[in-house]
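For reference, the structure discussed in these notes is given below.
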Amino acid sequence: MRMPETHPKGRLRWLSSLQDAAASASEIIAVSDFTKAEITSLLGVSPDRISVATPGLSPGFLPQNDARLAPVMDRLGLQSGTYYLCLAAQEPRKNLSTLIAAHKALPTEFRRDHPLVLAGAAGWGSQIVGAHDDMVREIGYVPASDLPSLLGGAIALCYPSHYEGFGMPVIEAMACGTPVIASTALGLDTASGDAALRVPPQDVAEWTATMIVITKDKHRREACIQRGLSHASHFSWTETASVVARVLERVI
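Counting from 1, position 120 in the sequence shown corresponds to residue 120 in the UniProt record's numbering; the numbering is continuous, with no gaps.
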């Protein structure tokens with residue numbers, strides 16, 4: 001498996017069992033073309049046995065008005081339109097340390113006005129986030145019902161992962177009208193399309209610069225929003241179900 005150092009031992013044991021499962025499966029469903037290619041490369045499965053069914057979007061992910069935003073902002077102690085958001089479990093693969101370093105490198109006053117919010121359950125190795133000041137807020141797990149407003153209230157979703165199979169928060173943010181800065185990890189290509197700003201996962205200076213651009217450059221920001229809304233509209237659970245149904249018909 002890729003990047004074994006970013007997984008706990010229990011998960012590595014589970015991943016190692018996939019070889020036998022893949023070999024015995026009649027067909028396999030992958031969430032992206034990248035994941036399909038990885039299954040072929042790592043598990044030796046013929047591409048002909050793998051179908052791609054990209055995830056769809058739940059109905060609540062759409063641009064948020066003040067009435068929807070206000071209760072969630074009040075409950076979380078946030079101000080709409082002022083914060084950068086990272087929605088991810090705290091574990092090494094998510095690369096939060098690069099994002100925290102990039103945010104810390106912002107000009108002092110600008111940074112004070114635009115905190116970084118880390119939302120997501122603590123995973124293994126969450127101590128890598130380490131000590132940081134009060135301009136970085138960890139709010140932990142957020143209920144699914146609050147996610148559209150949390151995403152919709154952000155300046156941008158920042159998604160610096162080293163490795164992903166798809167990257168669901170990327171299209172969820174776009175559907176809410178929020179610009180996305182995503183890493184250049186290949187697994188994020190399908191979710192990002194041409195709508196996200198892409199930055200190498202380890203380039204702290206470029207992350208800092210892109211965070212400033214998406215905040216200050218109104219024309220580029222609006223272009224990202226519109227491209228994101230258009231891109232997100234292509235992800236439908238109806239289409240996902242159709243692909244899965246065709247696979248089940250062949251297998252059963």
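From the three backbone atoms N, C-alpha and C, an ideal C-beta is built for every residue, glycine too.
key: Nearest-angstrom Cα separation, counted from P92 out to V117   = Distance between the alpha carbons of V117 and P92: 17 Å.
query = Applying the criterion that 16 or more other CB atoms from any shown protein chain within 10 Å of the CB defines a buried residue, is Y159 buried or exposed?
reply = buried
task = Give, in chain order, every unbroken run of the alpha helix (DSSP H) that is at least 4 residues long and sits entirely within the UniProt domain "Glycosyl transferase family 1" (83-228).
result = Unbroken alpha helix (DSSP H) stretches of 4 residues or longer found wholly inside the UniProt domain "Glycosyl transferase family 1" (83-228): 96-104, 108-113, 147-152, 168-175, 189-192 and 204-216, given in chain order.
message = According to DSSP, simplified to helix, strand and coil, what is I39?
response = helix
query = Under the DSSP definition of a beta bridge, which residues are partnered with I28?
reply = I28 is bridged to I50.
key: Selected residue, minimal CA-CA separation from A22, among D217, L150 and L42   = L42
query = Going by alpha carbons, who is nearest to V213 out of Q19, L229 and A196?
reply = A196
request  = Quick one: grab the DSSP three-state call for V72.
outcome  = helix
key: Own chain, CB closer than 8 Å to M73, minus 5 neighbours either side, in chain order   = Q79, S80, S149 and G153
message = Do H103 and residue 253 have their beta-carbon atoms positioned less than 8 Å apart in this structure?
response = Past the edges of the chain, shown from 1 to 252, lies residue 253, and the structure says nothing about it.
inquiry  = Taking 8 Å as the threshold (C-beta atoms), are V31 and F235 in contact?
reply    = no
Cα-Cα separation, T188 to S161 = Before going further, note that residue 188 is Leu rather than Thr in the sequence given. Distance between the alpha carbons of L188 and S161: 9 Å.
request  = Below 8 Å CB to CB, which residues in the same chain sit around L18 once its five sequence neighbours on both sides are set aside?
outcome  = L43
inquiry  = Taking the alpha carbon of T35 as the reference point, which residue from V251, A191 and R227 has its own alpha carbon closest?
reply    = It is A191 whose Cα lies nearest to the Cα of T35.
task = Using three-state DSSP, classify V45 as helix, strand or coil.
result = The answer is coil: DSSP assigns V45 none of H, G, I, E or B.
key: Local conformation of Q19 per DSSP, three classes   = helix
query = Which first and last residues belong to the alpha helix (DSSP H) in which S242 is found?
reply = W237 to V251
request  = Could you name the residues of the same chain whose beta carbon sits closer than 6 Å to that of G193, not counting the 5 residues immediately before and after it, in chain order?
outcome  = H231
ask   = Which whole-angstrom value describes the C-beta separation of P55 and M168, a residue pair presumed to lie in contact below a C-beta threshold of 8 Å?
value = 6 Å
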